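J.: Submitted below is the structure of interest, expressed as structure tokens.
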Amino acid sequence: MPAIELDQVTRVYQKYSARHRFQTFKSALVKGDLFRSLRPDELVIALDSVSLRVEKGMTFGVIGENGSGKSTLLKIVSGIAKPTSGRLKVNGKVSALIELGAGFHPEISGRENVFINGIMLGLSKKEISRKFDEIVQFAELEEFIEAPVKTYSSGMYMRLGFSIAINVNPEILLIDEVLAVGDAAFVPKCLDRIDDFRRRKKTILFVSHDLATVAKICDRVAWMKSGKIQMLGEPKRVVDAYLQDVAVRQEEDFQERRVQAAAPSPEPSSPPGPEPAAEEEKREQRWGKREIEIRKVTLKTARGEEKHVFHPEEGMIIELDVFARETLKDFVFGIGIFNSQGISCYGTNTELEDFEPLSISGEGRVTCRIERLGLINGTYYLDVAVHKRDGYPYDYHRNLYSFLVSSTLRDNGVVRLPHAWTFSPKIRFKTPGK
């Protein structure tokens with residue numbers, strides 16, 4: 543018998559509308575405009591015929607972008623929300639950690655809230671008294687448990703809510719994206735307790751944007767998109783498919799922004815005046831008399847696919863289509879990569895790398911192949927240039943091209959350097975991914 547089973551579950555919400563601000567179901571029936579009031583364009587389908595089976599003892603992950611239906615799914619499984627249609631079966635005592643501080647009364651103390659929440663989760667007052675010290679100690683709130691909950695920080699809310707949820711000894715634990723507000727010291731404690739639940743063959747339904755944790759702790763993963771299950775299966779495979787989909791959408795969004803930025807301004811209705819500020823700025827980002835002209839710049843993957851969203855481990859090919867108006871013997875090609883703060887991340891040119899120019903004439907192509915980007919998450923800007931060896935510019939393009947580096951890795955600084963950690967025997971860590 544599965545712990546959780548959903549069969550064709552649909553959940554529909556009505557959008558808020560000022561036109562229906564004071565309208566109730568009864569008033570709509572009396573007026574006879576119920577179905578006009580529930581026009582399809584004013585309904586949101588949060589879940590669309592979702593069928594799902596979670597076996598007992600399984601840690602099941604749910605991933606997807608905001609608005610994909612993940613939290614609605616958990617609310618239905620927990621009983622907070624009811625399906626509009628479809629069938630739900632839950633076999634076992636459920637404890638849900640879904641919304642930060644849900645069920646807490648802000649005006650009363652943490653102690654009183656522990657008892658109220660424990661009773662709501664099915665414990666007797668005697669059972670709560672027995673577990674009380676353990677709950678408070680795990681939440682690290684010994685000094686604040688008598689204070690009103692309204693004085694708690696978001697991290698304290700999360701710690702108390704998580705501690706109550708796991709100490710009621712549920713058969714099924716539902717966890718939404720609440721660990722995101724936990725501090726650096728407390729989140730590992732939560733993950734250790736989740737691991738303890740897994741060892742004890744408890745069922746866990748885990749919703750998170752932390753894809754590395756999902757891939758690490760889950761037995762199976764569902765990827766939700768627009769209220770439907772897009773893919774279901776082995777964690778790494780599903781997470782990779784989701785990341786590929788995100789990369790495709792990022793590429794499309796990036797291209798759309800570039801097209802909009804490059805779109806010409808509408809023709810002025812009045813006589814021509816001074817050059818528009820945008821055109822002036824663009825002119826200032828490119829200079830030189832173009833004896834050698836850079837006519838086109840293309841960014842590609844190492845496989846030769848044109849794109850603008852890259853992974854840190856990917857390579858990049860920068861292609862410059864150039865044209866020399868006459869035969870020249872003094873020329874240098876260069877590139878520079880800058881982050882969104884204007885910090886130079888990398889720069890090189892043919893002169894620095896000891897390429898001695900011999901001649902250039904007519905059309906040609908210059909290709910710079912970067913085997914591994916190694917940059918952290920963010921938007922980057924590319925400078926390209928061709929100039930004389932003494933620096934005289936033929937054609938210089940400043941920040942006219944951009945690309946995005948997208949990664950689940952959490953780094954600081956500018957670049958991700960190849961590295962490895964080792965520790966002496968008396969320094970022990972749990973190896974990531976195990």
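Residue numbering for the sequence shown follows our numbering, starting at 543 and increasing by one per position. Glycine is no exception: its CB is placed at the ideal position from the N, C-alpha and C atoms. Here the structure is a predicted model, which means the values were calculated and not measured.
(1) What would DSSP say about GLN772, mapped onto helix, strand or coil?
(2) Sort ILE879, LYS930 and LEU870 by Cα distance to TYR943 and report the nearest one.
(3) In this structure, does DSSP put GLU685 in helix, strand or coil?
(4) Under DSSP, the alpha helix (DSSP H) around LYS612 begins and ends at which residues?
(5) Drop a sphere of 10 angstroms on the beta-carbon of MET600, count the other beta-carbons inside from all chains shown, and report buried for 16 or more, exposed for fewer.
(6) Express the C-alpha separation of ILE587 and TYR555 in angstroms, rounding to a whole number.
(7) Please report the residue range of the beta strand (DSSP E) in which ASN891 lies.
(8) Where does THR973 fall in DSSP's three states?
(9) Which residues mark the beginning and the end of the alpha helix (DSSP H) in which GLU654 is found?
(10) In chain order, what residues of the same chain have a beta carbon less than 7 angstroms from the beta carbon of HIS751, not counting five sequence neighbours either side?
(11) Go to PHE982, then tell me how far its beta strand (DSSP E) extends in each direction, as first and last residue.
(12) Note down, in chain order, each residue of its chain lying with its Cβ closer than 6 angstroms to the Cβ of GLY540, except the 5 sequence neighbours on either side.
(13) Determine, using beta carbons only, whether ILE650 comes closer than 7 angstroms to chain D.
(14) Give a yes or no on whether the C-beta atoms belonging to PHE748 and GLY603 are separated by under 7 angstroms.
(15) Rounded C-beta distance between GLN792 and LEU946? I'm assuming under 8 angstroms.
(16) Inspect the beta-carbon positions of GLY920 and ASN954 and report whether they are closer than 7 angstroms.
(17) Can you list, in chain order, the residues of its chain with a C-beta nearer than 6 angstroms to that of THR892? Leave out the 5 residues immediately preceding and following it.
(18) Buried or exposed for LYS972, please, with buried defined as at least 16 other CB atoms from any protein chain shown within 10 angstroms of its CB.
(19) At what residue ranges does the segment 916-966 contain a whole run of the beta strand (DSSP E), taking only runs of 3 or more?
(20) Nearest to SER948 by alpha carbon, out of GLU905, HIS961, MET858 and LEU785?
(21) According to the neighbour-count rule (16 or more other Cβ atoms, all chains shown, within 10 Å of its Cβ), is PRO818 buried or exposed?
T.: According to the structure shown:
(1) strand
(2) Looking at the Cα atoms, ILE879 is the closest of the given residues.
(3) coil
(4) 612-620
(5) Of the other Cβ atoms in all chains shown, 16 or more fall within 10 Å of the Cβ of MET600; this residue is therefore buried.
(6) Rounded to the nearest angstrom, the two C-alpha atoms are 6 angstroms apart.
(7) 886-891
(8) coil
(9) 652-662
(10) Result list for HIS751: GLU719, in chain order.
(11) It is not possible to answer for residue 982, since the shown part of the chain is limited to 543 through 976.
(12) This structure leaves residue 540 out entirely; the chain is present only between 543 and 976.
(13) Checking the listed chains, one finds no chain D in this structure; it contains a single protein chain.
(14) Result yes, Cβ atoms of PHE748 and GLY603 sit closer than 7 angstroms.
(15) 6 angstroms
(16) no
(17) VAL874 and PHE875
(18) exposed
(19) 920-929 and 935-947
(20) LEU785
(21) Caution applies to PRO818, whose pLDDT of 48 falls short of 50 and renders its modelled position unreliable; the model cannot decide the point.
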